[in-house]
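**Student:** The structure follows.
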Amino acid sequence: MAFMKQNKLLPNSLRRTWTLPLLASLAILSTSFGRAQDASCKVVADAETLLLRTPHHLYTTEVRQGRSVASEVLDTPGGVYVGTNGVWHKATGSIQDFAQIAADSLKQLRDCRHLADEVSDARPATKYTLHNAASNGDESVWIAKGSGLPLKSEA
Numbered sequence: 073m074a075f076m077k078q079n080k081l082l083p084n085s086l087r088r089t090w091t092l093p094l095l096a097s098l099a100i101l102s103t104s105f106g107r108a109q110d111a112s113c114k115v116v117a118d119a120e121t122l123l124l125r126t127p128h129h130l131y132t133t134e135v136r137q138g139r140s141v142a143s144e145v146l147d148t149p150g151g152v153y154v155g156t157n158g159v160w161h162k163a164t165g166s167i168q169d170f171a172q173i174a175a176d177s178l179k180q181l182r183d184c185r186h187l188a189d190e191v192s193d194a195r196p197a198t199k200y201t202l203h204n205a206a207s208n209g210d211e212s213v214w215i216a217k218g219s220g221l222p223l224k225s226e227a
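Take the sequence shown: its letters are residues 73 to 227, numbered as in my numbering.
Written out as structure tokens, the structure is:
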């Protein structure tokens, strides 16, 4: 994984702890530096590219060995902040740096399909399913109808 090889954007104490939660969060962030190679994923890639240009707050929950680990990533014009268990750290890189690192794996989106129109967090959204060849896993993403921004992602 490209991110695991170049996780120098995080303080030493967070590199192990935050690699997976950040990678999960960045999976929502697609490619400002390249598009998904599969043309069927253009809508998803466009939404994720829009997210890169928009300050945002991501919430992730990762289940490892039956234990849930909740984390947050806050992208602001002043920097990227990562938090878990109420402890926050500023990453040494920008959202553009993180997007560059994630771009290679995010080009691996395949077979994106419109699944349904649903409501997510009280907002009308379109649900897409896709295959991420980088993680060899299937994912779902909900894109807001009004803003075009991703609202939710499940892997």
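Each residue gets a CB set at the ideal place from its N, CA and C atoms; glycine is no exception.
So, are the CB atoms of L221 and D193 less than 7 Å apart?
**Tutor:** no
**Student:** Name the residue from H129, G218, S140, V213 whose alpha carbon lies nearest to the alpha carbon of G155.
**Tutor:** H129
**Student:** Taking E144 as the reference, give the member of R136, K179, A163, E190 with the closest Cα.
**Tutor:** A163
**Student:** Taking A205 as the reference, which of L122, K179, S140 has the closest Cα?
**Tutor:** K179
**Student:** What residues match up with S140 in a beta bridge as DSSP calls it?
**Tutor:** Answer is V135.
**Student:** DSSP state of L202, grouped into three classes?
**Tutor:** strand
**Student:** Express the C-alpha separation of C184 and A227 in angstroms, rounding to a whole number.
**Tutor:** 14 Å
**Student:** Which partner residues does E211 have in the DSSP bridge list?
**Tutor:** E211 is bridged to L202.
**Student:** Per DSSP, which one or two residues make a beta bridge with G155?
**Tutor:** E144, W160
**Student:** Does DSSP classify S224 as helix, strand or coil?
**Tutor:** This sequence places Lys at residue 224; Ser is not what is there. The three-state reading of DSSP puts K224 in strand, counting E and B together.
**Student:** Do L202 and L187 come within 7 Å of each other at the CB atom, strictly closer than that value?
**Tutor:** no
**Student:** Quick check on this structure: which residue in S212, G218, A216, V116 has the alpha carbon closest to the alpha carbon of S225?
**Tutor:** S212
**Student:** Can you tell me which of the three DSSP states D189 falls into?
**Tutor:** strand
**Student:** Could you check if V159 is buried or exposed, using at least 16 other CB atoms within 10 Å of its CB as the buried criterion?
**Tutor:** Flag for V159 reads exposed.
**Student:** Can you tell me which of the three DSSP states D118 falls into?
**Tutor:** helix
**Student:** So, for D210: in the same chain, excluding its five sequence neighbours on each side, which residues have a beta-carbon less than 6 Å away from its beta-carbon?
**Tutor:** H203
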